[in-house]
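Trainee: Encoded as structure tokens, here's the structure I'll be asking about.
4 protein chains.
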Amino acid sequence: MNRRSAKDSKSSILDAALKAFSEHGYSGANMRTIAGNANISVGGLYLYFKSKEALCLSLMKERLEELSSKTERIVKDTYNPAEAIEKFISINLDYTKEHREIILTQGRDKGFTFGADVKKRFFRQQRKFVEKIIREGVRTGVFLECNVPETAKIVTAMLRGFVLSVLLEPDGLFNVRGCCEFVLRGLLKNV
Amino acid sequence: MNRRSAKDSKSSILDAALKAFSEHGYSGANMRTIAGNANISVGGLYLYFKSKEALCLSLMKERLEELSSKTERIVKDTYNPAEAIEKFISINLDYTKEHREIILTQGRDKGFTFGADVKKRFFRQQRKFVEKIIREGVRTGVFLECNVPETAKIVTAMLRGFVLSVLLEPDGLFNVRGCCEFVLRGLLKNV
Amino acid sequence: MNRRSAKDSKSSILDAALKAFSEHGYSGANMRTIAGNANISVGGLYLYFKSKEALCLSLMKERLEELSSKTERIVKDTYNPAEAIEKFISINLDYTKEHREIILTQGRDKGFTFGADVKKRFFRQQRKFVEKIIREGVRTGVFLECNVPETAKIVTAMLRGFVLSVLLEPDGLFNVRGCCEFVLRGLLKNV
Amino acid sequence: MNRRSAKDSKSSILDAALKAFSEHGYSGANMRTIAGNANISVGGLYLYFKSKEALCLSLMKERLEELSSKTERIVKDTYNPAEAIEKFISINLDYTKEHREIILTQGRDKGFTFGADVKKRFFRQQRKFVEKIIREGVRTGVFLECNVPETAKIVTAMLRGFVLSVLLEPDGLFNVRGCCEFVLRGLLKNV
DNA sequence: GATGAATGAGGGTTCATTCAT
DNA sequence: AATGAATGAACCCTCATTCAT
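Heads up: the sequence lines are chains A, B, C and D, in that order. To convert, note that position 114 of the first sequence is 166 in the numbering used here; the numbers rise steadily by one, no gaps. To convert, note that position 98 of the second sequence is 150 in the numbering used here; the numbers rise steadily by one, no gaps. To convert, note that position 190 of the third sequence is 242 in the numbering used here; the numbers rise steadily by one, no gaps. To convert, note that position 152 of the fourth sequence is 204 in the numbering used here; the numbers rise steadily by one, no gaps.
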């Protein structure tokens with residue numbers, strides 16, 4: 053057996069778990085397989101995560117926070133609202149394409165409350181970003197006047213749909229450009 | 053227990069199954085509970101459906117076809133493309149609100165191919181409806197010129213996002229009107 | 053597989069469980085083995101008892117109540133206090149010899165509270181019987197005056213010791229007569 | 053962690069083990085916890101004891117021998133047989149009260165042979181002490197004539213019962229004086 | 001000597017499915 | 001057609017033990 057640093061083990065477990073949960077859902081995923089794919093023993097798994105639930109939550113948290121901070125970073129550096137929206141959408145879709153993970157609906161079979169706070173925090177954050185962008189767009193006059201929170205809600209909902217489509221379409225030929233244009237047409241004053 | 057016709061039994065099984073699969077996901081749902089809620093014995097269940105998988109597939113098929121035909125009916129009777137889009141969206145969201153079922157991501161824990169053909173057929177059909185509406189809109193000059201299949205894809209993807217949001221937001225305060233307006237802004241020539 | 057009545061199954065499970073818990077203690081006993089010895093599948097076990105803990109408690113309760121009622125019956129029919137004490141002791145030891153079960157210390161590894169109420173009820177009952185006998189003995193003048201509850205406590209404690217000895221001595225050559233005489237010498241006025 | 057002598061380590065392991073085995077029984081006790089409470093690593097444990105079984109046996113041996121030699125010392129110094137019996141009982145009960153350990157039934161879940169020789173030696177020794185005392189009592193005419201080995205067996209059995217009672221009664225209000233008197237009444241010529 | 005991450009067999013429990021009635 | 005007791009594989013998790021450091 054190869055010794056690895058604790059950090060390596062934890063990270064390879066998270067990778068294997070992401071794959072398993074994404075492919076098979078929470079109940080369908082299986083700790084033995086995750087352990088196997090992470091090149092660790094079953095017992096080893098439990099040195100790092102005290103239960104299947106804890107593993108899944110930790111994973112959700114990590115991934116969503118990673119995406120959140122990635123989004124924040126890029127959105128911050130962009131001063132053109134239209135461009136910011138585009139980047140916001142494409143970062144999300146790229147991340148999805150790269151990882152092909154379904155985090156949004158994860159753990160539903162443990163009841164609707166599973167990871168609710170983590171997800172809620174993520175969605176709230178996403179909405180905050182979008183609100184900020186829209187407000188800036190409205191202020192500078194490039195976006196139409198609108199009910200900002202309501203509009204942000206719609207935009208994030210649409211994004212969720214795009215993400216799902218990317219995942220469900222096996223051909224993956226999902227047109228990111230087109231999505232952005234469509235969304236922008238709903239926001240921009242002059243199209 | 054009252055004798056019921058085979059049709060009644062089957063239908064009450066499907067109802068119970070829908071509830072179970074929606075609440076707990078495929079793996080999380082439990083045949084014994086489904087039987088109990090359908091007021092039938094465990095063995096009885098297997099007289100009507102040869103396995104859990106068959107039950108779930110049959111359910112998906114039935115529900116998606118019901119929604120599909122409902123959609124078709126209403127869309128057919130509507131000659132105003134903008135109104136048709138609105139109806140298309142609101143039928144879907146109403147159906148979701150009423151049943152609170154997650155059919156889109158169902159059976160993922162049996163692998164990505166689970167029910168793939170049923171879902172694919174459904175999505176294709178949905179897209180067809182949308183394409184038809186858009187084409188009509190473009191023909192009559194109320195909608196912008198566009199790549200029709202591509203746009204239809206985007207619109208249906210957005211719809212999926214709305215559906216998911218309806219399901220995930222516990223308060224359910226999802227603004228159907230706003231969604232329609234937003235989508236229409238992406239389609240209509242004059243807004 | 054032979055079909056048996058539910059009553060038979062339950063009873064053969066209890067027999068197998070008694071053997072297992074007596075020989076190996078609570079933690080050491082193993083549901084698979086119990087199932088095997090009861091000629092039932094693992095799943096079958098759980099049709100009758102919802103958990104290992106429930107099985108053990110049910111067993112304790114059943115056995116202690118059986119012994120309790122056996123004791124009560126015989127003690128009631130005996131009007132000579134000295135004879136009653138003798139019968140009380142020998143019933144307990146016979147029952148122990150016959151079943152070779154250790155119920156007294158069972159479940160300790162689940163914490164000291166495991167089955168505490170069941171055991172407590174049993175011990176209280178036993179003490180009550182002894183108190184009654186002693187009181188009668190004192191009233192009729194055959195027993196020495198004494199602090200009745202205190203003496204009853206001592207007698208039951210002694211009994212526990214006899215029971216343990218019967219179990220721990222593999223040769224089993226434990227002299228019941230001698231025990232009775234010894235105990236009686238502590239109680240009788242004229243020896 | 054402070055360096056300690058091997059002797060210190062061993063002794064602190066034995067202390068932790070005694071606590072663990074007493075509280076949770078053999079199977080219920082946990083090597084990791086024992087190590088933790090002994091302020092030593094899991095691996096360290098195995099430097100001193102080659103297995104859980106060895107640890108438990110070593111513990112039993114040590115404790116029983118300690119009690120045995122304690123008993124021997126005190127019994128030797130006492131020339132009055134009645135007093136010797138009293139001391140014999142109270143030493144045992146005091147030791148039990150102090151340590152609250154259950155050594156008598158320990159290891160049962162490894163089969164009835166676990167530690168059989170250690171226990172047997174201890175019981176034999178105890179019986180020898182009692183026999184010696186009784187013989188002396190009979191010789192000097194203070195005790196009744198009796199079958200000495202048989203009587204010794206009964207007395208030690210009773211002691212076991214007292215020990216168990218001390219352990220099982222949570223209030224611990226077990227009357228040592230009363231026990232002694234009761235036992236003596238069975239032995240003394242004039243009461 | 002000492003550590004603690006890692007192992008893997010085995011424990012309690014669940015549940016889709018079967019089949020005697 | 002209908003029942004529900006029974007099955008047994010597979011699940012999550014624990015823990016005595018080992019071994020590279």
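In this text, a Cβ means the ideal position worked out from N, Cα and C, and glycines have one as well.
Distance check for Lys122(C) and Glu138(D), CA to CA, integer angstroms please.
Mentor: Working through the fourth sequence from its first residue, we reach residue 138(D) at position 86. Working through the third sequence from its first residue, we reach residue 122(C) at position 70. Roughly 35 angstroms between the two C-alpha positions.
Trainee: What does the Cβ neighbour count give for Gly167(C), buried or exposed, with the cut at 16 atoms within 10 Å?
Mentor: If you number the third sequence from 1, residue 167(C) lands on position 115. The residue in question, Gly167(C), is buried, as its Cβ has 16 or more Cβ neighbours within 10 Å.
Trainee: Assuming Phe195(C) and Leu239(C) are in contact, meaning their beta carbons sit under 8 angstroms apart, how far apart are those beta carbons, in whole angstroms?
Mentor: Translated into the one-based positions of the third sequence, residue 195(C) becomes position 143. Translated into the one-based positions of the third sequence, residue 239(C) becomes position 187. So it is a contact: roughly 5 angstroms between Cβ atoms.
Trainee: Identify the contact partners of Ser79(A) in chain B, using a Cβ-Cβ distance below 7 angstroms as the criterion.
Mentor: The residue given as residue 79(A) occupies position 27 in the first sequence. The answer, in chain order, is Gly77, Ser79, Gly80, Asp161.
Trainee: What does the Cβ neighbour count give for Tyr78(A), buried or exposed, with the cut at 16 atoms within 10 Å?
Mentor: Stepping through the first sequence from its first residue, residue 78(A) is reached at position 26. Buried, since its Cβ has 16 or more Cβ neighbours within 10 Å.
Trainee: Verify whether the separation of the beta carbon atoms of Gly213(D) and Leu216(C) is less than 8 angstroms.
Mentor: As a first step, residue 213(D) is located in the fourth sequence; it is residue number 161 there, counting from the start. As a first step, residue 216(C) is located in the third sequence; it is residue number 164 there, counting from the start. For Gly213(D) and Leu216(C), yes; Cβs fall inside 8 angstroms.
Trainee: Which residues in chain D have a C-beta closer than 9 angstroms to the C-beta of Arg176(C)? List them in chain order.
Mentor: Position 124 of the third sequence holds residue 176(C). The contacting residues do not exist; Arg176(C) stays about 11 angstroms from chain D at best.
Trainee: Quick one: list the residues of chain B neighbouring Ser103(A), beta-carbon separation under 9 angstroms, in chain order.
Mentor: Position 51 of the first sequence, counting from 1, holds the residue named residue 103(A). In chain order: nothing, as chain B lies at least about 16 angstroms away.
Trainee: Please report the distance separating the alpha-carbon of Asn227(C) from that of Ala209(C).
Mentor: Working through the third sequence from its first residue, we reach residue 227(C) at position 175. Working through the third sequence from its first residue, we reach residue 209(C) at position 157. In a straight line, the C-alpha of Asn227(C) is about 17 angstroms away from that of Ala209(C).
Trainee: Just checking my contact of Ala136(D) with Ile185(D) at CB under 8 angstroms: how many whole Å lie between their CB atoms?
Mentor: Start at 1 with the first residue of the fourth sequence, and residue 136(D) comes out as number 84. Start at 1 with the first residue of the fourth sequence, and residue 185(D) comes out as number 133. Between Ile185(D) and Ala136(D) the Cβ distance is about 5 angstroms, and since that is below 8 angstroms, they are a contact.
Trainee: Please confirm if Glu138(C) has its CB atom under 8 angstroms from at least one CB of chain D.
Mentor: Here residue 138(C) is taken as the residue at index 86 of the third sequence, counted from 1. Chain D contact via Cβ: absent.
Trainee: Going by DSSP in three states, Asn54(D) sits in which element: helix, strand or coil?
Mentor: Residue 54(D) sits at position 2 when you count from the first residue of the fourth sequence. Model confidence at Asn54(D) stands at a pLDDT of 47, short of 50, so the residue's coordinates are unreliable; what they give is reported in the following sentence. Correct three-state label for Asn54(D): coil.
Trainee: Would the beta-carbon of Ala90(B) fall within 8 angstroms of that of Ile126(B)?
Mentor: If you number the second sequence from 1, residue 90(B) lands on position 38. If you number the second sequence from 1, residue 126(B) lands on position 74. No.
Trainee: Which residue wins for smallest C-alpha separation from Val182(C), given the options Leu219(C), Leu109(C), Leu99(C), Leu236(C)?
Mentor: Counting from 1 along the third sequence, the entry for residue 182(C) is found at position 130. Comparing Cα positions, the closest option is Leu236(C).
Trainee: Taking Cβ positions only, does Arg212(B) come closer than 8 angstroms to chain A?
Mentor: Numbered from its first residue, the second sequence carries residue 212(B) at position 160. Closer than 8 angstroms: yes.
Trainee: Please list the partners that Glu202(C) has in chain D, where partner means a Cβ-to-Cβ separation under 8 angstroms.
Mentor: Locating residue 202(C) in the third sequence gives position 150, counting from the first residue. Here the neighbours are Asn227, Gly230.
Trainee: Distance, Cα to Cα, Lys101(D) vs Gly88(A)?
Mentor: On the fourth sequence, position 49 is the one that residue 101(D) refers to. On the first sequence, position 36 is the one that residue 88(A) refers to. According to the sequence as given, residue 101(D) is Phe; it is not Lys. Their backbone Cα atoms lie some 33 angstroms apart in a straight line.
Trainee: State the Cα-Cα distance for the pair Lys171(A) and Leu220(C), rounded to the nearest angstrom.
Mentor: In the first sequence, residue 171(A) corresponds to position 119, counting from 1. In the third sequence, residue 220(C) corresponds to position 168, counting from 1. Taking the straight line joining both Cα atoms gives about 59 angstroms.
Trainee: Looking only at its chain, what residues have a beta carbon closer than 7 angstroms to the beta carbon of Leu109(D), apart from the 5 residues adjacent to it on each side?
Mentor: Translated into positions along the fourth sequence, residue 109(D) becomes position 57. Excluding positions up to five away in sequence, the list reads Gly167, Val170.
Trainee: By Cβ distance, which residues of its chain are closer than 6 angstroms to Ala68(B), with the 5 residues on each side in sequence left out?
Mentor: Numbered from its first residue, the second sequence carries residue 68(B) at position 16. Around Ala68(B): Ile86, Asn89, Ala90.
Trainee: Helix, strand or coil, according to DSSP, for Leu196(D) in the structure here?
Mentor: One-based indexing of the fourth sequence puts residue 196(D) at position 144. It is coil, neither helix nor strand.
Trainee: From Leu116(B) to Thr165(C), what distance separates their C-alpha atoms?
Mentor: Translated into positions along the second sequence, residue 116(B) becomes position 64. Translated into positions along the third sequence, residue 165(C) becomes position 113. Straight-line Cα distance between these residues: approximately 54 angstroms.
Trainee: Can you list, in chain order, the residues of its chain whose CB lies under 8 angstroms from that of Leu70(B), leaving out five sequence neighbours each side?
Mentor: Translated into positions along the second sequence, residue 70(B) becomes position 18. Only Leu111, Arg115, His151, Glu153 meet the Cβ criterion.
Trainee: What do you reckon, are the CB atoms on Ile206(A) and Gly230(B) nearer than 8 angstroms?
Mentor: In the first sequence, the residue the question calls residue 206(A) occupies position 154. In the second sequence, the residue the question calls residue 230(B) occupies position 178. Closer than 8 angstroms, so yes.
Trainee: Count the other C-beta atoms from every protein chain shown that fall within 10 angstroms of the C-beta of Asp161(A), then say buried if there are 16 or more, exposed otherwise.
Mentor: Indexing the first sequence from 1 puts residue 161(A) at position 109. The residue is buried, with at least 16 neighbouring Cβ atoms inside 10 Å.
Trainee: Using only alpha-carbon positions, find the residue among Gly189(D), Lys180(D), Val218(D), Val190(D) that is nearest to Ala204(D).
Mentor: In the fourth sequence, counting from the first residue as 1, residue 204(D) sits at position 152. Ranking the options by Cα distance to Ala204(D), first place goes to Lys180(D).
Trainee: Would you mind working out which of Asp129(A), Gly159(A), Pro133(A), Asp146(A) sits nearest Leu119(A), comparing C-alpha positions?
Mentor: Looking up residue 119(A) in the first sequence gives position 67. Considering only alpha carbons, the answer is Asp146(A).
Trainee: Going by DSSP, what residues sit across from Leu240(B) in a beta bridge?
Mentor: Counting from one through the second sequence, the residue named residue 240(B) turns up at place 188. DSSP lists Phe195(B) as partners of Leu240(B).
Trainee: Closer than 8 angstroms, CB to CB, is Ile86(C) near chain D or not?
Mentor: The residue given as residue 86(C) occupies position 34 in the third sequence. No, Ile86(C) lies away from the interface with chain D (no Cβ there is under 8 angstroms from its Cβ).
Trainee: Got a sec: which bits of the stretch 118-143 of chain A sit with their beta carbon under 8 angstroms from any beta carbon on chain B, in order along the chain?
Mentor: For the stretch 118-143 of chain A, which is checked against every Cβ of chain B, not one residue is closer than 8 angstroms.
Trainee: Please confirm if Leu216(C) has its CB atom under 8 angstroms from at least one CB of chain D.
Mentor: Position 164 of the third sequence holds residue 216(C). Yes, because at least one Cβ of chain D sits closer than 8 angstroms to the Cβ of Leu216(C).
Trainee: How about Ile92(D): is its C-beta nearer than 8 angstroms to some C-beta of chain C?
Mentor: As a working note, residue 92(D) is residue 40 in the fourth sequence. Ile92(D) does not count as touching chain C.
Trainee: Enumerate in chain order the residues of its own chain whose CB-to-CB distance from Asn82(D) is below 8 angstroms, with the five nearest sequence positions on each side excluded.
Mentor: As a working note, residue 82(D) is residue 30 in the fourth sequence. Result list for Asn82(D): Ala72, His76, in chain order.
Trainee: On the CB-based measure, 16 or more other CB atoms within 10 Å of its CB, does Leu99(D) come out buried or exposed?
Mentor: Residue numbering aside, residue 99(D) sits at position 47 when the fourth sequence is read from its first letter. It is exposed - the Cβ of Leu99(D) has fewer than 16 other Cβ atoms within 10 Å.
Trainee: List, from N- to C-terminal side, the alpha helix (DSSP H) runs of 4 residues or more that fit wholly inside the stretch 67-150 of chain C.
Mentor: Those alpha helix (DSSP H) runs which fall completely within the stretch 67-150 of chain C and span 4+ residues are 83-89, 94-100, 104-128.
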